[in-house]
Amino acid sequence: MDATGTPDAPAPPAMIRLTGVAKTYPDGTRAVQDLDLEVRAGELVCLVGPSGCGKSTTLKMVNRLIEPTSGTIEVDGDDVTHADPVALRRSIGYVIQQVGLFPHRTVEANVMTVPRMLGRGLRRGRRADADRARELLELVGLDPAVHAGRYPHELSGGQRQRVGVARALAADPPVLLMDEPFGAVDPVVRLRLQDEFLRLQRDLGKTVLLVTHDIDEAVRLGDRVAVFGAGGRLAQYATPADLLAHPADDFVADFVGSTSGLRRLRVTTVDPALLEPLDGVRASDLGAAVDVGATLEEALAAMLRDDRPMIGIRDGVRFLGVLTPTGVHRTLRASLRTD
Ligand SMILES: Nc1ncnc2c1ncn2[C@@H]1O[C@H](COP(=O)(O)OP(=O)(O)OP(=O)(O)O)[C@@H](O)[C@H]1O
Ligand SMILES: [Mg+2]
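Rendered as structure tokens:
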């Protein structure tokens, strides 16, 4: 078993690999130092850290908007420093920090920028092009009938960000680089966008490197999280559960904060092996059952909402057992066993 509780399977190959990468800007600013980082195919990795710690610089080195001072960067086994930067950028979806839509193009034209640049749009014809744009807008939760013909200034901040995500997906690249893709929206919309993106990611299985300065967003979205410190130093690279339970140093501990214990409830799901049997439990002690895919936070919230000392866990219509607060504690502990 690995740290996330899934049975061991051969690790997928690395899709992005940075080895000994450093970036010093001409004025002497050391933005990134001695960075080793590997992202497996299909994995969603979050880069998180305070402002100015080199997150955007790291992302831009992967698609060569910025050249590293030293080190090597491989994408799908190829050294990107030997690739044609324009071709490389077209094969990697990129959502920039300030969304960056073209203000004088409609939403549809914005979404189809890269396929049209590649000549694919023309080959397929205008009709097929419009269909593809419509499909992408629906994918990110926008109504094409309403939004496809609008201009960026006629959209809300959250809608603009969705268009940015649709545009990055348009050429169907295997790799997506996303720089604070949900940064400009209020917390409620942000949660919804995160959920939609997670659903999308489960279906599309892209390899994603996503930058955020929000630790909650990082542990919610990431399969693994890379915490950057001052001067572009990688302070820790771990699964969300591991990061929250075992911060590598004082900087990371401070960054994940004193409520990291609560955050762990959010990144750990109910473990069917650690439930208690139903025998002897009085029906009046049991709240409404929650599904086995629920997080411990959701299970605990249901317990508190129903004002019950335990909660039933089901798998569809099948009743699996009972989760108690002690069970929550045991599940948190067990989730960190790496053997
Ligand atoms: N072109 C540049 N010339 C000189 N210094 C730069 C340049 N671009 C970025 N920097 C510096 O490099 C460091 C890292 O910048 P970067 O944009 O990678 O940070 P970041 O982690 O993305 O920050 P934020 O969370 O604010 O977006 C900062 O100190 C920044 O001022
Ligand atoms: Mg940045």
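Note that my numbering gives residue 248 to position 245 of the sequence shown, counting from 1, and the numbers run on in steps of one. Each residue gets a CB set at the ideal place from its N, CA and C atoms; glycine is no exception.
When burial is assigned at 16 or more other CB atoms within 10 Å of the CB, is residue i buried or exposed?
{"i": "Asp-5", "result": "Any reading at Asp-5 is ruled out, since the residue's pLDDT is 45, under 50, leaving its predicted position unreliable."}
{"i": "Val-51", "result": "buried"}
{"i": "Val-259", "result": "buried"}
{"i": "Arg-266", "result": "buried"}
{"i": "Glu-220", "result": "buried"}
{"i": "Asp-342", "result": "Residue confidence for Asp-342 is low, a pLDDT of 42 falling below 50, so the modelled location carries little weight; the figure read from the coordinates is stated next. Its Cβ having fewer than 16 others within 10 Å, Asp-342 is exposed."}
{"i": "Met-313", "result": "buried"}
{"i": "Thr-60", "result": "buried"}
{"i": "Met-115", "result": "buried"}
{"i": "Pro-71", "result": "buried"}
{"i": "Glu-157", "result": "exposed"}
{"i": "Glu-183", "result": "buried"}
{"i": "Arg-165", "result": "buried"}
{"i": "Phe-105", "result": "exposed"}
{"i": "Ser-64", "result": "Note on identity: in this sequence residue 64 is Met, with Ser being the wrong assignment. Met-64 comes out buried."}
{"i": "Val-345", "result": "For residue 345 there is no data in the structure shown, the boundaries of the chain being 4 and 342."}
{"i": "Ser-338", "result": "buried"}
{"i": "Glu-111", "result": "buried"}
{"i": "Leu-62", "result": "buried"}
{"i": "Met-306", "result": "buried"}
{"i": "Asp-87", "result": "exposed"}
{"i": "Glu-141", "result": "exposed"}
{"i": "Pro-15", "result": "exposed"}
{"i": "Arg-135", "result": "buried"}
Can you tell me which of the three DSSP states residue i falls into?
{"i": "Gly-75", "result": "The amino acid occupying residue 75 in the given sequence is Thr; Gly does not appear at that position. Three-state DSSP puts Thr-75 in a strand."}
{"i": "Phe-254", "result": "helix"}
{"i": "Ala-244", "result": "helix"}
{"i": "Leu-68", "result": "coil"}
{"i": "Met-115", "result": "coil"}
{"i": "Thr-262", "result": "coil"}
{"i": "Gly-319", "result": "coil"}
{"i": "Ala-6", "result": "Unreliable positioning characterises Ala-6 in this predicted model, as indicated by a pLDDT of 47, which lies under 50. The coordinate reading is nonetheless provided below. Reduced to three states, the DSSP call for Ala-6 is coil."}
{"i": "Arg-236", "result": "strand"}
{"i": "Thr-60", "result": "helix"}
{"i": "Gly-33", "result": "It should be noted that the sequence gives Arg, not Gly, for residue 33. Arg-33 falls in the strand class under three-state DSSP."}
{"i": "Thr-334", "result": "helix"}
{"i": "Val-89", "result": "helix"}
{"i": "Val-48", "result": "strand"}
{"i": "Ala-25", "result": "strand"}
{"i": "Ala-131", "result": "helix"}
{"i": "Ala-221", "result": "helix"}
{"i": "Phe-105", "result": "coil"}
{"i": "Asp-342", "result": "Residue confidence for Asp-342 is low, a pLDDT of 42 falling below 50, so the modelled location carries little weight; the figure read from the coordinates is stated next. Three-state result, Asp-342: coil."}
{"i": "Ala-292", "result": "strand"}
{"i": "Val-284", "result": "coil"}
{"i": "Arg-227", "result": "strand"}
Looking only at its own chain, which residues have a Cβ that is under 6 Å from the Cβ of residue i, when we skip the five neighbours before and after it?
{"i": "Glu-77", "result": "Arg-20"}
{"i": "Val-284", "result": "Val-325"}
{"i": "Val-143", "result": "Arg-165, Val-168 and Ala-169"}
Under 8 Å by Cβ, that's how I've got residue i and residue j pegged, so tell me the actual separation to the nearest angstrom.
{"i": "Gly-296", "j": "Thr-272", "result": "6 Å"}
{"i": "Val-214", "j": "Pro-243", "result": "About 16 Å; that fails the 8 Å criterion."}
{"i": "Leu-38", "j": "Gly-319", "result": "In fact, because the Cβ distance is near 44 Å, the residues do not count as touching under 8 Å."}
{"i": "Gln-239", "j": "Leu-246", "result": "6 Å"}
{"i": "Leu-224", "j": "Leu-207", "result": "With a Cβ gap of about 14 Å, Leu-224 and Leu-207 do not count as contacting."}
{"i": "Arg-172", "j": "Val-48", "result": "This sequence places Leu at residue 172; Arg is not what is there. Wrong, their Cβ atoms sit about 18 Å apart, outside the cutoff."}
{"i": "Gly-430", "j": "Leu-180", "result": "In this structure the chain extends from 4 to 342, so residue 430 is not present and cannot be described."}
{"i": "Thr-210", "j": "Val-168", "result": "With a Cβ gap of about 15 Å, Thr-210 and Val-168 do not count as contacting."}
{"i": "Thr-327", "j": "Glu-279", "result": "6 Å"}
{"i": "Ala-44", "j": "Met-18", "result": "4 Å"}
Apart from the five residues just before and just after residue i, which ones in its own chain have a Cβ nearer than 8 Å to its Cβ?
{"i": "Arg-317", "result": "Ala-292, Val-293, Asp-294, Val-295 and Leu-323"}
{"i": "Ser-73", "result": "Gly-23, Val-24 and Ala-25"}
{"i": "Thr-109", "result": "Ala-151, Gly-152, Arg-153 and Tyr-154"}
{"i": "Leu-281", "result": "Gly-315, Phe-322, Gly-324 and Val-325"}
{"i": "Arg-83", "result": "Note that residue 83 is Val in the sequence shown here, rather than Arg. Contacts found: Val-65, Asn-66, Arg-67, Ile-76, Glu-77 and Leu-91."}
{"i": "Val-331", "result": "Leu-268, Leu-299, Ala-302 and Leu-303"}
{"i": "Gly-103", "result": "Gly-167"}
{"i": "Met-120", "result": "Arg-93"}
Excluding the 5 residues preceding and the 5 following residue i in the sequence, name in chain order all residues of the same chain whose CB lies nearer than 7 Å to its CB.
{"i": "Lys-58", "result": "Leu-50, Gly-52, Val-214 and Phe-231"}
{"i": "Asp-198", "result": "none"}
{"i": "Ala-241", "result": "Arg-227 and Val-228"}
{"i": "Asp-310", "result": "none"}
{"i": "Arg-137", "result": "Pro-147 and Ala-151"}
{"i": "Arg-193", "result": "Phe-185"}
{"i": "Ile-99", "result": "Asp-182"}
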